[in-house]
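K.L.:
Taken in order, the sequence shown gives residues -30 to -1, 1 to 243; the numbers are from mature numbering (1 follows the signal peptide of the UniProt record, and there is no 0). Just so you know, even glycine gets a beta-carbon here, dropped at the ideal spot from N, CA and C. All figures in this text were calculated on a predicted structure; none of them were measured in a lab.
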Amino acid sequence: MDGSKTFLRSPLLFLLTAMAFMLPGTPGLAQQSPSMEELLHLPYADCETIAGNAHRLISDFYFDDIDSMDIILNLWEEECGAVEPVLRLRILLDILENSYADSNYIFYMENYINKYENRIEAASGELYFDDYERYKVYFNYVPLRSRFDQLTRRLALDLLPEQKQGSSAYLFALLFSDNAEGFERELELPLYDGNLIKKIREKKRLKRYPWEIDLTLYAGMWSPVGAMQQNFNRDWNLGLLLGSYMNDRTRLDYGVMLHYAGDGKPFEMFVDG
């Protein structure tokens, strides 16, 4: 166990540190106890280090000290931006405190819902560790299956039964409980037709797939193999493919292929009966 974790597990020591950090008139005390900023920046002030320290410290606090968690989230966001893990926990804390408002999390709805679904899918794979190492920037330097993910999942599961079906709070609690399929099914219900999450998803879908029709022309050569070479020659093919996206996950294509029947080799066919 490292020194920072041991230090932060003591509420009294944390309180002294917070006081020393806020009161510049006590230099001696400030020198003895590192500030929250110093803890997040050890040993180097880059986002990977800050995110790593932040999500570990938050997991240590759990929900015994929400004010301290909020301080860490503020510093994390100040240094690395409004990244997905920060906003995810903010949403859950607002739901916990009955202060959730759609207007505060439009950015998450527009940019991070699909990203979190990708995180769930990656974490469920056998090669999740390799996937994280390869795409750690995309995952905002919070490892897949980390204690931070476990914390947000447990909180979401606890909050879900208390939320009203049809609300954004219910949808987020369902999503953050790592039930992406349930989230997608729920969102299709008529109950959510006026919900902001659904409106934004539909708007993005129409913007991404505005009923464009793709026309593809392709050509190739059909070449017989094996015993078929005795009776068939190589012939040219010409194809036409017409397609369009129906929604985020479904594409419909119609195709036609013209096959040029050149001079074939003579052969006889016998039919019994």
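Determine, using beta carbons only, whether Ala150 and Ile90 come nearer to each other than 8 Å.
P.N.:
Counted from its first residue, the sequence shown places residue 150 at position 180. Counted from its first residue, the sequence shown places residue 90 at position 120. Taking 8 Å as the Cβ cut-off, Ala150 and Ile90 qualify as a contacting pair.
K.L.:
Do Ser29 and Phe118 have their CB atoms nearer than 8 Å?
P.N.:
The sequence position of residue 29 within the sequence shown is 59, counting from 1. The sequence position of residue 118 within the sequence shown is 148, counting from 1. In this structure, Phe118 lies closer than 8 Å to Ser29 by Cβ.
K.L.:
Can you give me the Cβ contacts of Leu185 inside the same chain, cut-off strictly under 8 Å, excluding the 5 residues immediately before and after it?
P.N.:
Along the sequence shown, one-based indexing puts residue 185 at 215. Counting only Cβ-Cβ distances below 8 Å, and skipping sequence neighbours, we find Leu210, Leu211 and Leu212.
K.L.:
Is the stretch 38 to 48 touching the stretch 138 to 152 in the sense that three or more CB pairs, one from each, lie closer than 8 Å?
P.N.:
With the cut-off at 8 Å, the stretch 138 to 152 and the stretch 38 to 48 do not touch.
K.L.:
Does the stretch 65 to 82 touch the stretch 94 to 104, meaning 3 or more C-beta pairs lie closer than 8 Å?
P.N.:
Touching, no.
K.L.:
Quick one: what's got a C-beta closer than 8 Å to Lys168's C-beta in the same chain, skipping five residues either side?
P.N.:
Residue mapping note: residue 168 aligns to position 198 of the sequence shown, counting from 1. So the list reads Leu157 and Tyr162, once near-sequence residues are dropped.
K.L.:
Pro113 and Tyr105 - do their beta-carbons sit closer together than 8 Å?
P.N.:
Taking the sequence shown and counting its residues from 1, one reaches residue 105 at position 135. Taking the sequence shown and counting its residues from 1, one reaches residue 113 at position 143. No, they are not a contact pair.
K.L.:
Counting C-beta neighbours from all protein chains within 10 Å, is the total for Ile61 16 or more, i.e. buried, or is it exposed?
P.N.:
Taking the sequence shown and counting its residues from 1, the one referred to as residue 61 is at position 91. Result: buried.
K.L.:
Answer with buried or exposed for Tyr224, where buried requires no fewer than 16 other C-beta atoms within 10 angstroms of its C-beta.
P.N.:
The residue given as residue 224 occupies position 254 in the sequence shown. Classification of Tyr224: exposed, given that the 10 Å Cβ count is below 16.
K.L.:
Starting from the Cα of Asn110, find the closest Cα among Arg175, Tyr86, Leu129 and Gln120 and give me that residue.
P.N.:
On the sequence shown, residue 110 is found 140 positions in, with the first residue counted as 1. Ranking the options by Cα distance to Asn110, first place goes to Tyr86.
K.L.:
Which partner residues does Thr186 have in the DSSP bridge list?
P.N.:
Here residue 186 corresponds to residue number 216 of the sequence shown, with the count starting at 1. According to DSSP, Thr186 bridges with Leu211.
K.L.:
Using three-state DSSP, classify Asp223 as helix, strand or coil.
P.N.:
Along the sequence shown, one-based indexing puts residue 223 at 253. It is a strand residue.
K.L.:
Going by DSSP, what residues sit across from Trp46 in a beta bridge?
P.N.:
Residue 46 sits at position 76 when you count from the first residue of the sequence shown. None; Trp46 has no bridge partner.
K.L.:
Can you list, in chain order, the residues of its chain whose CB lies under 6 Å from that of Phe31, leaving out five sequence neighbours each side?
P.N.:
Numbered from 1 along the sequence shown, position 61 holds the residue referred to as residue 31. Same-chain partners within the cutoff: Ser38 and Met39.
K.L.:
Leaving out five residues on either side along the sequence, give the residues of the same chain with a beta carbon under 6 Å from the beta carbon of Tyr70.
P.N.:
Here residue 70 refers to the residue found at position 100 when the sequence shown is read from its first residue. Contacts found: Asp64 and Ala139.
K.L.:
Just how far apart, CA to CA, sit Lys174 and Tyr108?
P.N.:
What you label residue 174 is simply residue 204 of the sequence shown in a count that begins at 1. What you label residue 108 is simply residue 138 of the sequence shown in a count that begins at 1. Cα to Cα, Lys174 sits roughly 21 Å from Tyr108.
K.L.:
Output the distance between the C-alpha atoms of Arg115 and Leu121, rounded to the nearest integer angstrom.
P.N.:
Mapped onto the sequence shown, residue 115 falls at position 145. Mapped onto the sequence shown, residue 121 falls at position 151. The alpha-carbon atoms of Arg115 and Leu121 are separated by roughly 10 Å.
K.L.:
Where does Asn97 sit, in a helix, a strand or coil, going by DSSP?
P.N.:
Walking along the sequence shown from the start, residue 97 turns up at place 127. The residue you asked about is not Asn; residue 97 is Leu in the sequence shown. Coil at Leu97, not helix or strand.
K.L.:
Compare the beta carbon distance of Leu127 and Ser147 with 8 Å and say whether it is the shorter of the two.
P.N.:
Against the sequence shown, residue 127 aligns to sequence position 157. Against the sequence shown, residue 147 aligns to sequence position 177. Contact: yes.
K.L.:
Near Val226, which residues of its chain fall below 6 Å by C-beta distance, leaving aside the five closest residues on each side in sequence?
P.N.:
Within the sequence shown, numbered from 1, the residue matching residue 226 stands at position 256. Contacts found: Leu210.
K.L.:
Express the C-alpha separation of Asn203 and Ala197 in angstroms, rounding to a whole number.
P.N.:
Your numbering for residue 197 matches position 227 in the sequence shown. Your numbering for residue 203 matches position 233 in the sequence shown. Taking the straight line joining both Cα atoms gives about 12 Å.
K.L.:
Could you check which residue in Asn23, Phe77, Ile36 and Glu67 has the C-alpha nearest to that of Arg171?
P.N.:
Residue mapping note: residue 171 aligns to position 201 of the sequence shown, counting from 1. Among Asn23, Phe77, Ile36 and Glu67, the Cα nearest to that of Arg171 belongs to Phe77.
K.L.:
I'd like to know whether the C-beta atoms of Leu59 and Leu43 end up nearer to each other than 8 Å.
P.N.:
Taking the first residue of the sequence shown as 1, we reach residue 59 at position 89. Taking the first residue of the sequence shown as 1, we reach residue 43 at position 73. Result yes, Cβ atoms of Leu59 and Leu43 sit closer than 8 Å.
K.L.:
Where Leu145 and Glu67 are concerned, what is the direct C-alpha to C-alpha distance, given to the nearest angstrom?
P.N.:
As a position in the sequence shown, residue 145 is number 175, starting the count at 1. As a position in the sequence shown, residue 67 is number 97, starting the count at 1. If I take the Cα positions, the gap works out to 19 Å.
K.L.:
Please report the straight-line C-alpha distance between Tyr75 and Val56, rounded to a whole angstrom.
P.N.:
The residue given as residue 75 occupies position 105 in the sequence shown. The residue given as residue 56 occupies position 86 in the sequence shown. Going by the C-alpha atoms only, they are around 11 Å apart.
K.L.:
My understanding is that Leu222 touches Ser214, with C-beta atoms under 8 Å, so please give their C-beta distance in whole angstroms.
P.N.:
Translated into the one-based positions of the sequence shown, residue 222 becomes position 252. Translated into the one-based positions of the sequence shown, residue 214 becomes position 244. Indeed they touch by this definition, with Cβ atoms about 6 Å apart.
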